[in-house]
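J.: Handing you this structure, nothing more for now.
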Amino acid sequence: MATNICVSMLNGHIMSEMKPWRINHYSMEAFHKLMPWCLLLEVIGLLKMGIGGVTISDVRGFGAQGGSTERQAGSEFSEDNFVAKVKLETVVSKEQVEKVIAKIIKEARTGEIGDGKIFLTPVSDVIRVPTGEHGENAERMTSEPSDMSFTVTA
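Mind the numbering: the sequence shown is residues 1 to 154 in UniProt numbering, read in order.
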């Protein structure tokens, strides 16, 4: 049985097809309805676990809840089929994956439609832009557990 291998060059480095046995990091994307209290608990929990960075984005979309419907003057209407959601992104080592998933589920689960989904994607390499370092030398994705405090503004 033949195996096709994709090989390309990037800045002098040979980038070959992703090999699962070499995957040391995973990109995690968690989407759920906009619940600021849950988001703060998730981020604080991840920082306390030693996760070195998290990106939060306000996004719009729909899933099982099918979008929002408003009532005005006794009539139902829908401005659009998109619901305000939050997207939490981070890259973690494979040793951290299960703990991070458990923390996100613990803080985001309400039992209601819109609790969201978590997507896990293998990361074939990590490159630190300022230095050009690859892999283990570039990762530095974990930090000491953080005691950062957050301020919520409305």
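Just so it is clear, CB atoms sit at the ideal spot from N, CA and C, and this is done for glycine as well.
For Ile56, does the count of other Cβ atoms within 10 angstroms reach 16, so buried, or fall short, so exposed?
T.: Position 56 of the sequence shown, counting from 1, holds the residue named residue 56. Burial check for Ile56: the Cβ neighbour count within 10 Å stays below 16, so the residue is exposed.
J.: I need the straight-line Cα distance from Gly53 to Gly63, nearest angstrom please.
T.: Working through the sequence shown from its first residue, we reach residue 53 at position 53. Working through the sequence shown from its first residue, we reach residue 63 at position 63. Taking the straight line joining both Cα atoms gives about 27 Å.
J.: Give the single residue among Ser124, Pro36, Ala138 whose Cα lies nearest to the Cα of Pro130.
T.: Taking the sequence shown and counting its residues from 1, the one referred to as residue 130 is at position 130. Of the candidates Ser124, Pro36, Ala138, the one whose C-alpha sits nearest the C-alpha of Pro130 is Ala138.
J.: With 16 as the cutoff for other CB atoms within 10 Å, does Glu136 come out buried or exposed?
T.: Your numbering for residue 136 matches position 136 in the sequence shown. So Glu136 ends up on the exposed side.
J.: Any idea what DSSP makes of Gly45, helix, strand or coil?
T.: Looking up residue 45 in the sequence shown gives position 45. The three-state reading of DSSP puts Gly45 in helix, counting H, G and I together.
J.: According to the neighbour-count rule (16 or more other Cβ atoms, all chains shown, within 10 Å of its Cβ), is Glu95 buried or exposed?
T.: Start at 1 with the first residue of the sequence shown, and residue 95 comes out as number 95. When all chains shown are included, Glu95 counts as exposed.
J.: Determine whether the beta carbon atoms of Val97 and Leu120 lie at a separation below 9 Å.
T.: Taking the sequence shown and counting its residues from 1, the one referred to as residue 97 is at position 97. Taking the sequence shown and counting its residues from 1, the one referred to as residue 120 is at position 120. In this structure, Leu120 lies closer than 9 Å to Val97 by Cβ.
J.: Which residue from Glu89, Val126, Val59 puts its Cα closest to that of Ile118?
T.: Stepping through the sequence shown from its first residue, residue 118 is reached at position 118. Among Glu89, Val126, Val59, the Cα nearest to that of Ile118 is on Glu89.
J.: Identify every residue that forms a DSSP beta bridge with Ser57.
T.: Translated into positions along the sequence shown, residue 57 becomes position 57. Ser57 pairs with Lys87.
J.: Quick check on the DSSP output: the alpha helix (DSSP H) that includes Ile23 runs from which residue to which?
T.: If you number the sequence shown from 1, residue 23 lands on position 23. Counting along the chain, Ile23 falls outside any alpha helix (DSSP H), and DSSP gives it neither H nor E.
J.: Near Lys99, which residues of its chain fall below 8 Å by C-beta distance, leaving aside the five closest residues on each side in sequence?
T.: Here the question's residue 99 lines up with position 99 in the sequence shown. The answer, listed in chain order, is Met49.
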